[in-house]
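Trainee: Read left to right, the sequence shown gives residues 2 to 127 (the numbering used here). Where is the CB? At the ideal position from N, CA and C, for every residue including glycine. Keep in mind it's a predicted model, so treat the numbers as computed, not measured.
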Amino acid sequence: MIRRITVLFLAAALAACTLPAATVGPVSQLQWFAYTDAQGQRILAAPKTAGEARTKAWQGWLQQHRSAWRQDRQPVTGPTQWCATWQEAQRKQEVCRRGGTLVHFQYGVLRDEAAIQAAQKIWLGY
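1) Got a sec, what are the start and stop residues for the beta strand (DSSP E) residue 109 sits in?
2) Which partner residues does residue 93 have in the DSSP bridge list?
3) On a CA-only basis, which of 56, 116 and 105 is nearest residue 90? Give me that one, please.
4) Output needed for residue 93: all residues of its chain with C-beta closer than 7 angstroms, excluding positions within five of it in sequence on either side, in chain order.
5) Terminal residues of the continuous beta strand (DSSP E) containing residue 102?
6) Taking the alpha-carbon of residue 75 as reference, which of 127, 125, 122 and 112 has the nearest alpha-carbon?
7) Please classify residue 115: is it buried, with 16 or more other beta-carbons within 10 angstroms of its beta-carbon, or exposed?
8) DSSP on residue 59, reduced to helix/strand/coil?
9) So which of 59, 52 and 70 has the shortest CA-CA distance to residue 106?
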């Protein structure tokens, strides 16, 4: 049993090492990317699904900052720290923190520091 787990773990670790490097491009092309930790090492991360309380917090946050999103062509660089997903009006919403910005795959990029800090608090559960 231990041998099987070790083999599966090694296979998963090997698959993680063969992920393609993240690229820099317009937000409209940002679809697949590698997650990295603070040291730049690749990690496997899945979007964190919000619970009911966090879903309400994310919905309020998105409503408050909806007009601040920009569809600019400025590249988004840096590692992806986290992603949050939730349902709103039968549509999946997903916000990812990448570098010093927030990326929403429908609305664009948010660079407002106060909004980013508010999102960080929701992500951490405060």
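Mentor: According to the structure data:
1) 109–111
2) 88
3) 56
4) 86
5) 102–105
6) 112
7) exposed
8) helix
9) 70
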